[in-house]
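Step one of this worksheet: look at the structure below.
Dropping the structure here:
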């Protein structure tokens, strides 16, 4: 704030400007990905991220607050849209328990980046008395991310080509099986006879052939009857295989294409009450968590006597928690189910965290460490929410609407992240003069209690509807095409 000569309200506006465009933009991002494809879209949004961070870098050189806002806004559009398309990639690549675990790792990786930034960038800014070097490092890291994205898209294209080849081979195999249909061989006449039974004069039915050929009541008749019976069973099996293959191909095309196709009209199809309750929980928790995270440095320095470097490292405790616990918790929910209890516990721990902030004493002389209690509780809370929030959606939403569902979930999260910092900025500006942040903690506490109420509602409603969210995730996905199963089996054997 000192470097750009801005106050606490302007600082919180930076956090809001990141989220404001993303209240609605993920829907446009979904439509763009539908027109251009996932690979081109994710590369395009990564380029937008890169452009945004470059603008921020030059804005810090010029000490221009306006251009910082522009850069953050552009970066936010690219980052959140890329994140949504990343979820679509994971939904196409992984199934069942694999999907939950992959989404958990996806969230964990993002927070590992936050931890690394908190530990490395503030000391560099302090040593060189400038934030331009940390921003230059961010530019470099974003460029590396762009290169990794190009590599990922090439791998995805190769996997798609292999999958297409497997699909083509299976189709050719079925056609060959149909072409090489078993035929009854009549040894007495040395003629090949199909199920229509042919002789030199034309097609006969089986009864006429028995009489005309003189095989009635002989061993040849018994053998021919068995051959025809085997043929009938084989033909029926081939027809069933062809029908199953056609249905699988149709399902594969629908799941691969429609799962990522997003339209505004699709919102009207998302009538699942559990889905909306999850989104409301996510929105209110995000409205409390992210402003708290963004202003924790200021809280630690103003009321607990921590310096910029120390407060940055203390802040990393929270993000380390999320990075460490999210993936194991996601794996645990796949093993035991009970996802609605995780929502309740997440909101409960968040409520306890802000109650503890109201109770523990402040110590501007840095003589106490009570502040670790709410920080640890907040970290546990958001870890539990991250473990189930994304993984719950495929359990209650049809595959063809997953793209819309993920986009809407992100929009509501961004709404909370956009609106809440504006209120937080005004509250902190007022309370900084009073020498405490009591009303700030009360504001966060109200949001946590609302999330807790929605969590209990979610549990009760889900139980009435059969407890789908609390069931153990199955290993198999009924929507997974046979070609992909074959591809996975082949890769496991290599």
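Numbering (our numbering), first residue to last: 1388 to 1881.
Glycine residues also receive a C-beta, built at the ideal position from the N, C-alpha and C atoms.
Just so we're clear, the structure is a prediction, and the values are computed from it rather than from any experiment.
For residue i, three-class secondary structure by DSSP
i            : result
residue 1662 : helix
residue 1560 : helix
residue 1646 : With a pLDDT of 41 at residue 1646, under the threshold of 50, the predicted position of this residue should be treated as unreliable, and no value is reported.
residue 1422 : helix
residue 1849 : helix
residue 1482 : coil
residue 1475 : helix
residue 1799 : helix
residue 1691 : coil
residue 1517 : coil
residue 1834 : helix
residue 1531 : helix
residue 1411 : coil
residue 1854 : coil
residue 1824 : coil
residue 1493 : helix
residue 1716 : helix
residue 1505 : helix
residue 1392 : coil
residue 1859 : coil
residue 1657 : coil
Buried or exposed (CB count within 10 angstroms, at least 16 for buried), residue i
i            : result
residue 1676 : buried
residue 1392 : exposed
residue 1780 : buried
residue 1756 : exposed
residue 1751 : exposed
residue 1824 : buried
residue 1555 : exposed
residue 1831 : buried
residue 1563 : exposed
residue 1748 : exposed
residue 1399 : buried
residue 1706 : buried
residue 1764 : buried
residue 1559 : exposed
residue 1426 : buried
residue 1672 : buried
residue 1796 : buried
residue 1814 : buried
residue 1766 : buried
Beta-carbon proximity check, residue i vs residue j, cutoff 9 Å
i            : j            : result
residue 1533 : residue 1433 : yes
residue 1794 : residue 1416 : yes
residue 1727 : residue 1834 : no
residue 1789 : residue 1478 : yes
residue 1662 : residue 1772 : no
residue 1729 : residue 1491 : no
residue 1404 : residue 1460 : yes
residue 1471 : residue 1413 : yes
residue 1447 : residue 1518 : yes
residue 1887 : residue 1720 : Because the chain spans 1388 through 1881 in this model, residue 1887 falls outside it and cannot be assessed.
residue 1852 : residue 1660 : yes
residue 1703 : residue 1501 : yes
residue 1493 : residue 1473 : yes
residue 1463 : residue 1439 : yes
residue 1540 : residue 1429 : yes
residue 1737 : residue 1769 : yes
residue 1682 : residue 1811 : yes
residue 1667 : residue 1838 : yes
residue 1665 : residue 1791 : no
residue 1456 : residue 1401 : yes
residue 1774 : residue 1760 : no
residue 1762 : residue 1701 : yes
residue 1395 : residue 1816 : yes
residue 1745 : residue 1858 : no
residue 1450 : residue 1515 : no
residue 1437 : residue 1526 : yes
residue 1801 : residue 1467 : yes
residue 1846 : residue 1742 : no
Residue i beta carbon near the ligand MG (any heavy atom closer than 8 Å)
i            : result
residue 1715 : You won't find the ligand MG in this model; it holds no ligand whatsoever.
Opening and closing residue of the alpha helix (DSSP H) in which residue i lies
i            : result
residue 1788 : Careful: residue 1788 lies outside any alpha helix (DSSP H) and carries neither H nor E.
residue 1399 : 1395–1406
Any chain D beta carbon closer than 9 Å to residue i
i            : result
residue 1463 : Within the model displayed, chain D is absent; a lone protein chain is all it includes.
Practice item. Note down, one range per segment and in chain order, each alpha helix (DSSP H) of at least 4 residues found wholly within the segment 1718–1774. Key: Complete alpha helix (DSSP H) runs here, min 4: 1726–1746.
task: Tell me the start and end of each unbroken alpha helix (DSSP H) in the segment 1434–1460 that is at least 4 residues and wholly inside, in chain order.
output: List check, alpha helix (DSSP H) in window: nothing returned.
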